[in-house]
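*Asks:* Residue numbers (the numbering used here): 1326 to 1786.
Note that CB positions come from ideal geometry on N, CA and C, so glycine has one too.
1. Within 10 angstroms of the Cβ of residue 1622, are there 16 or more other Cβ atoms? Answer buried if so, exposed if not.
2. Return helix, strand or coil for residue 1470, following the three-state DSSP convention.
3. DSSP three-state label for residue 1584, please.
4. Any contact of the region 1539-1550 with the region 1587-1605, i.e. 3+ C-beta pairs under 8 Å?
5. Taking only three categories from DSSP, how would you classify residue 1733?
6. Excluding sequence positions up to five away, which residues of its chain have a Cβ less than 6 Å from the Cβ of residue 1615?
7. Could you say if the region 1741-1748 and the region 1466-1476 meet the contact criterion of at least three C-beta pairs nearer than 8 Å?
8. Which residues in the same chain have their Cβ closer than 6 Å to the Cβ of residue 1772, if we skip the five residues on either side of it in sequence?
9. How close, in whole Å, do the beta carbons of residue 1521 and residue 1473 come, if the pair is a contact with beta carbons under 8 Å?
10. If you reduce the DSSP assignment to three classes, tell me which class residue 1385 lands in.
11. Would you identify the three-state DSSP class for residue 1694, choosing helix, strand or coil?
12. To the nearest angstrom, report how far apart residue 1358 and residue 1677 are at their CA atoms.
13. In three-state terms, what does DSSP make of residue 1702?
14. Residue 1749: which of 1786, 1475, 1411 and 1485 sits nearest, CA to CA?
15. If you drop the 5 nearest sequence neighbours on each side, which residues of the same chain put their C-beta closer than 7 Å to that of residue 1500?
16. Compute the Euclidean distance between the alpha carbons of residue 1643 and residue 1492, then round it to the nearest angstrom.
17. Helix or strand or just coil, what does DSSP make of residue 1687?
18. According to DSSP, residue 1755 sits in a beta bridge with which residue or residues?
19. Measure the C-alpha to C-alpha separation of residue 1690 and residue 1766 and round it to an integer number of angstroms.
20. My understanding is that residue 1693 touches residue 1681, with C-beta atoms under 8 Å, so please give their C-beta distance in whole angstroms.
21. Work out the CA separation of residue 1526 and residue 1457 for me, nearest whole Å.
22. Measuring only the C-alpha atoms, how far is residue 1605 from residue 1595?
23. What does a CB cutoff of less than 6 Å around residue 1515 pick up in its chain, not counting 5 residues either side in sequence?
24. For residue 1767, which of helix, strand or coil comes out of DSSP?
25. Any idea which residues DSSP pairs residue 1670 with across the strands?
26. Between which two residues does the beta strand (DSSP E) harbouring residue 1405 extend?
27. Work out the CA separation of residue 1775 and residue 1703 for me, nearest whole Å.
28. Give me the Cα-Cα distance between residue 1530 and residue 1670, rounded to the nearest whole angstrom.
29. Looking at the structure shown, is residue 1574 part of a helix, part of a strand, or coil, going by DSSP?
30. Are residue 1481 and residue 1494 close, meaning C-beta to C-beta below 8 Å?
31. Rounded to whole angstroms, what's the CA-CA distance from residue 1430 to residue 1409? Just pull it up for me.
32. Less than 6 Å between C-beta atoms, sequence neighbours within five positions excluded: which residues of the same chain meet that for residue 1664?
Structure representation (structure tokens):
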């Protein structure tokens, strides 16, 4: 099946339409490349208006519309398909696999009729390790009535106005092991019901989330003497969130609250499985998150700030993360010649901090230290900086960037260079690398072996 998928994707790319000019947009995100022409469901109106969607054959004849101009079935659905092929010098799941070819197909549709509209997006992807993955990441229907709308189904909800480091982004999941050129393609939405009301520039969102979709991180599942248990399964029916947002004024701002399950895991020591020294499980605590953000423009500088206080619920444990405050702030400036510079500062304050490296029992110490390291809680205060230098060139058909994040106390760093080339309309090539450095007991140092170069050819969106 994986080979068949790669052949099919290659065939679609080979038959991509000729160029009519590039329509890609350039993003100034701190840690990732520009979004790859993602559909914005908030403004998705389909290809045709309401009247055209209601046309039938008789109406077309009566109006004198030539048959070739009438919308076909795919156009009525606003259906699109994208094929991707590429290769990575190493996988993203600590399996040790190298030189991994990848092929996938991604499709989306956005039909509408009157006050109802819907959106769905999913993918199938195979790689050289023999792994075949498929997921429906977005699938919702919406009823809009004046200033109110009700949306139900799987939804990718992204909160926060800082660039990529978003303390308030607690709703949707992500798969960091998925081999894709765009970080946006790693997102996966949980099922939810969302009610929105608005007046002027202000909106209020209320969310109920009966499904929990955690972030998937690289995990070494085979270690001598250590049994890695299946991830903790959580009942998700009591997750709720609210967000008050103002956009389009002198500056944009929002206030938010989330009560539910943390998408970021802890490592918890469990009773040892016979034949092993220890058993470890990825667990997901209950949290309350109170957040706020703001963004605006001051002269040539686009500024932004975002903060969240996380209250970790449940019984205290040396393996669980602590209550914390995380603040990210910075800005970006554009210069002549297509240059853009983006800088941010990140501050984490951990409350009631106990250094896990001081635990006497060596097994407990190792597991607790690992859990703190992956959650950036080894130290009571963590300072970090992000920098991103980007430029558009070749008449805006190419863009290059390098993004860096460095944490001071732990001394770990991630560097992510990449270049996007628009070969012709609907066909682009992305070349990049993900480079990690730092001590073993740190967020990026732990995945040093995942440092890799890659390329991806995309036909379609």
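*Replies:* For this structure:
1. As a first step, residue 1622 is located in the chain shown; it is residue number 297 there, counting from the start. In this structure residue 1622 is exposed. Its beta-carbon is surrounded by fewer than 16 other beta-carbon atoms within 10 angstroms.
2. The residue given as residue 1470 occupies position 145 in the chain shown. The DSSP-derived three-state label of residue 1470 is strand.
3. Residue mapping note: residue 1584 aligns to position 259 of the chain shown, counting from 1. The three-state reading of DSSP puts residue 1584 in strand, counting E and B together.
4. Between the region 1539-1550 and the region 1587-1605 there are three or more inter-stretch CB-CB distances shorter than 8 Å, so the stretches are counted as touching.
5. Here residue 1733 is taken as the residue at index 408 of the chain shown, counted from 1. The answer is coil: DSSP assigns residue 1733 none of H, G, I, E or B.
6. In the chain shown, the residue the question calls residue 1615 occupies position 290. Closer than 6 Å at Cβ, skipping near neighbours: 1582 and 1634.
7. No, because fewer than three Cβ pairs between the region 1741-1748 and the region 1466-1476 fall closer than 8 Å, the two stretches do not touch.
8. Start at 1 with the first residue of the chain shown, and residue 1772 comes out as number 447. Within the same chain, residue 1772 has close Cβ partners 1543 and 1761.
9. Locating residue 1521 in the chain shown gives position 196, counting from the first residue. Locating residue 1473 in the chain shown gives position 148, counting from the first residue. In this structure residue 1521 is in contact with residue 1473, their Cβ atoms being roughly 7 Å apart against a cut-off of 8 Å.
10. Here residue 1385 refers to the residue found at position 60 of the chain shown. Bear in mind that the predicted position of residue 1385 carries a pLDDT of just 43, short of 50, making it too unreliable to give a figure here.
11. Counting from 1 along the chain shown, the entry for residue 1694 is found at position 369. The three-state reading of DSSP puts residue 1694 in helix, counting H, G and I together.
12. Sequence index remark: in the chain shown, residue 1358 carries index 33 (1-based). Sequence index remark: in the chain shown, residue 1677 carries index 352 (1-based). Legend: pLDDT at residue 1358 = 41, less than 50; position of this residue unreliable, no value from coordinates given.
13. Locating residue 1702 in the chain shown gives position 377, where the first residue counts as 1. Three-state result, residue 1702: coil.
14. Here residue 1749 refers to the residue found at position 424 of the chain shown. Of 1786, 1475, 1411 and 1485, the residue nearest in Cα terms is 1786.
15. Reading the chain shown from its first residue, position 175 is the one you call residue 1500. Only residues of its own chain outside the window of five on either side were considered, and among them 1511, 1513 and 1541 have a CB closer than 7 Å to the CB of residue 1500, listed in chain order.
16. Counted from its first residue, the chain shown places residue 1643 at position 318. Counted from its first residue, the chain shown places residue 1492 at position 167. Rounded to whole angstroms, residue 1643 to residue 1492 spans 23 Å at the Cα level.
17. Walking along the chain shown from the start, residue 1687 turns up at place 362. Residue 1687 falls in the helix class under three-state DSSP.
18. Mapped onto the chain shown, residue 1755 falls at position 430. Paired residues: 1745 and 1781.
19. Here the question's residue 1690 lines up with position 365 in the chain shown. Here the question's residue 1766 lines up with position 441 in the chain shown. Straight-line Cα distance between these residues: approximately 12 Å.
20. Position 368 of the chain shown, counting from 1, holds the residue named residue 1693. Position 356 of the chain shown, counting from 1, holds the residue named residue 1681. Residue 1693 to residue 1681, Cβ: 4 Å. Contact.
21. Here residue 1457 is taken as the residue at index 132 of the chain shown, counted from 1. Here residue 1526 is taken as the residue at index 201 of the chain shown, counted from 1. Whole-angstrom Cα-Cα distance: 44 Å.
22. What you label residue 1605 is simply residue 280 of the chain shown in a count that begins at 1. What you label residue 1595 is simply residue 270 of the chain shown in a count that begins at 1. Between the C-alpha atoms of residue 1605 and residue 1595 there is a straight-line separation of about 6 Å.
23. As a working note, residue 1515 is residue 190 in the chain shown. The beta carbon of residue 1515 sits closer than 6 Å to those of 1534, 1536 and 1538, all from its chain and outside the five residues before and after it, given in chain order.
24. Translated into positions along the chain shown, residue 1767 becomes position 442. Collapsing the DSSP output to three states places residue 1767 in coil.
25. Taking the chain shown and counting its residues from 1, the one referred to as residue 1670 is at position 345. BP columns for residue 1670 point to 1654 and 1710.
26. Position 80 of the chain shown, counted from the first residue, corresponds to residue 1405. Element bounds for residue 1405: 1405-1415.
27. Translated into the one-based positions of the chain shown, residue 1703 becomes position 378. Translated into the one-based positions of the chain shown, residue 1775 becomes position 450. Going by the C-alpha atoms only, they are around 22 Å apart.
28. Along the chain shown, one-based indexing puts residue 1530 at 205. Along the chain shown, one-based indexing puts residue 1670 at 345. Computed Cα separation, rounded: 29 Å.
29. Within the chain shown, numbered from 1, the residue matching residue 1574 stands at position 249. Collapsing the DSSP output to three states places residue 1574 in coil.
30. Position 156 of the chain shown, counted from the first residue, corresponds to residue 1481. Position 169 of the chain shown, counted from the first residue, corresponds to residue 1494. The criterion of a C-beta distance shorter than 8 Å is not satisfied by residue 1481 and residue 1494.
31. Locating residue 1430 in the chain shown gives position 105, counting from the first residue. Locating residue 1409 in the chain shown gives position 84, counting from the first residue. Straight-line Cα distance between these residues: approximately 6 Å.
32. Locating residue 1664 in the chain shown gives position 339, where the first residue counts as 1. Hits under 6 Å: 1716.
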